[in-house]
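S.K.: Numbering (our numbering), first residue to last: 22 to 216.
Structure incoming, see below.
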Ligand code: NI
């Protein structure tokens with residue numbers, strides 16, 4: 022059994038112990054599902070930047086990772102805010118975390134047709150044509166402006182999330198036939214109490 026002085030030395034330094042304590046537990050929000058009107062309404066611009074907003078961004082990342090998503094927009098957790106988070110590595114690379122506040126697409130180029138899904142429409146996917154390259158102008162969680170170019174999957178995520186902030190779902194990019202098919206299936210699931 023180690024004596025007191027040994028176990029004391031084995032403890033982490035004061036700095037790292039403080040850092041652990043300083044990280045608050047993250048709130049995992051339930052994801053709003055298709056059918057809730059908030060998903061089809063344009064959002065209001067964010068105009069208050071404080072620590073609460075930074076905490077909300079982190080809670081959104083945590084909620085997105087819990088749901089295994091690559092993007093999450095505020096309306097999907099029931100908030101009417103022009104804000105989304107994106108991480109195409111699903112938490113594998115902390116540097117891939119992107120907070121988009123009041124984002125706008127300033128440039129789009131090329132076309133890629135790829136299958137797409139949405140955390141608010143679980144179990145359904147469809148092919149959507151999106152630009153291959155997209156440039157986004159936005160603010161980060163501290164309210165600092167930035168511009169970022171995304172390619173392929175990242176460009177798709179930017180478009181999908183900014184669509185959400187405009188009240189648009191990927192269903193609207195599908196053929197009427199495919200869209201109606203999915204809507205009918207969801208209606209059935211609702212009736213069965215499974216949606
Ligand atoms: Ni979505």
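For every residue, glycine included, the Cβ atom is placed at its ideal position computed from N, Cα and C.
Return yes when at least one heavy atom of ligand 1 lies under 8 Å from the C-beta of residue 180, else no.
M.R.: No, Cβ of residue 180 sits at least 8 Å from all heavy atoms of ligand 1.
S.K.: Taking 8 Å as the cut-off, does the CB of residue 188 come closer than this to any heavy atom belonging to ligand 1?
M.R.: No; taking the cut-off as 8 Å, the Cβ of residue 188 has no heavy atom of ligand 1 nearer than that.
S.K.: Among the candidates 91, 198, 70 and 54, whose CA atom is the shortest distance from the CA of residue 98?
M.R.: Selected option, being the one with the closest Cα: 54.
S.K.: Can you find at least 3 beta carbon pairs, one from the stretch 87 to 101 and one from the stretch 185 to 201, that sit closer than 8 Å?
M.R.: Touching, yes.
S.K.: Which residue marks the beginning of the beta strand (DSSP E) containing residue 148, and which one marks its end?
M.R.: First-last of the beta strand (DSSP E) with residue 148: 146 to 151.
S.K.: What does the Cβ neighbour count give for residue 201, buried or exposed, with the cut at 16 atoms within 10 Å?
M.R.: Answer is exposed; the Cβ neighbour count stays below 16.
S.K.: Less than 8 Å separating the Cβ of residue 92 from some heavy atom of ligand 1?
M.R.: Yes - ligand 1 has a heavy atom lying nearer than 8 Å to the Cβ of residue 92.
S.K.: When the Cβ atoms of the stretch 102 to 109 are set against those of the stretch 60 to 74, are three or more pairs found closer than 8 Å?
M.R.: Enough Cβ pairs lie closer than 8 Å, so yes.
S.K.: Quick one: what does DSSP say residue 52 is sitting in, helix, strand or coil?
M.R.: The answer is coil: DSSP assigns residue 52 none of H, G, I, E or B.
S.K.: With a threshold of 8 Å (Cβ to nearest heavy atom), would residue 141 be considered close to ligand 1?
M.R.: Yes, the beta carbon of residue 141 sits closer than 8 Å to at least one heavy atom of ligand 1.
S.K.: Locate the beta strand (DSSP E) running through residue 200, then write down its first and last residues.
M.R.: Where residue 200 is concerned, there is no enclosing beta strand (DSSP E), although the alpha helix (DSSP H) it sits in stretches over 197 to 212.
S.K.: Could you tell me which residues DSSP puts in a beta bridge with residue 79?
M.R.: DSSP, once it has assigned bridges, lists no residue as partnering residue 79.
S.K.: For residue 185, is the beta carbon positioned less than 8 Å from some heavy atom of ligand 1?
M.R.: At least one heavy atom of ligand 1 is nearer than 8 Å to the Cβ of residue 185, so yes.
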